[in-house]
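The structure appears right after this line, and notes come after that.
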Amino acid sequence: MSCEVMRVTAKGQLTIPVSIRKKLNIREGDYLQVYLEDNEIRMKKIEPVRPLSAEDPIWRLVGVGESGEKDISVNHDSYLAEGEIKRWKE
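Here the sequence shown is numbered in the UniProt record's numbering, starting from 1 and rising by one per residue.
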């Protein structure tokens, strides 16, 4: 485990040392999760989520839930609007 010392600025900011940024491939614009564990501040790099490709088999499951409709992903907004209109009329 490597250890580095950082100084906190008046605004509560600190600079992550270059050696640690290189090891974790932390770049400008990346996000870090910061949390307390006992009496320690811990940071963890958040890896971006890659969107599913159109070929991913999960898309076959979209819309086959309770409603039985198979075009939910395409007509999602229309179904929401229809549901709201029905709810308003009740």
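Beta carbons are placed, not taken as given, at the ideal position from N, Cα and C, and that holds for glycine. Source: prediction; values computed, not measured.
Which residue comes first and which comes last in the beta strand (DSSP E) that contains residue i?
i, result
"residue 22", "From DSSP, residue 22 is part of no beta strand (DSSP E) but of the alpha helix (DSSP H) over 18-24."
"residue 34", "32-37"
"residue 40", "40-45"
Whole angstroms is fine: what's the gap from residue i's alpha carbon to residue j's?
i, j, result
"residue 58", "residue 5", "46 Å"
"residue 41", "residue 17", "16 Å"
"residue 54", "residue 60", "10 Å"
"residue 56", "residue 65", "18 Å"
"residue 88", "residue 49", "37 Å"
"residue 32", "residue 85", "42 Å"
"residue 9", "residue 37", "22 Å"
Residue i: which of the options sits nearest, CA to CA?
i, options, result
"residue 34", "13, 82, 53, 80", "13"
"residue 76", "88, 62, 87, 89", "62"
"residue 24", "2, 81, 51", "2"
"residue 29", "78, 47, 60", "47"
"residue 22", "90, 86, 82, 45", "45"
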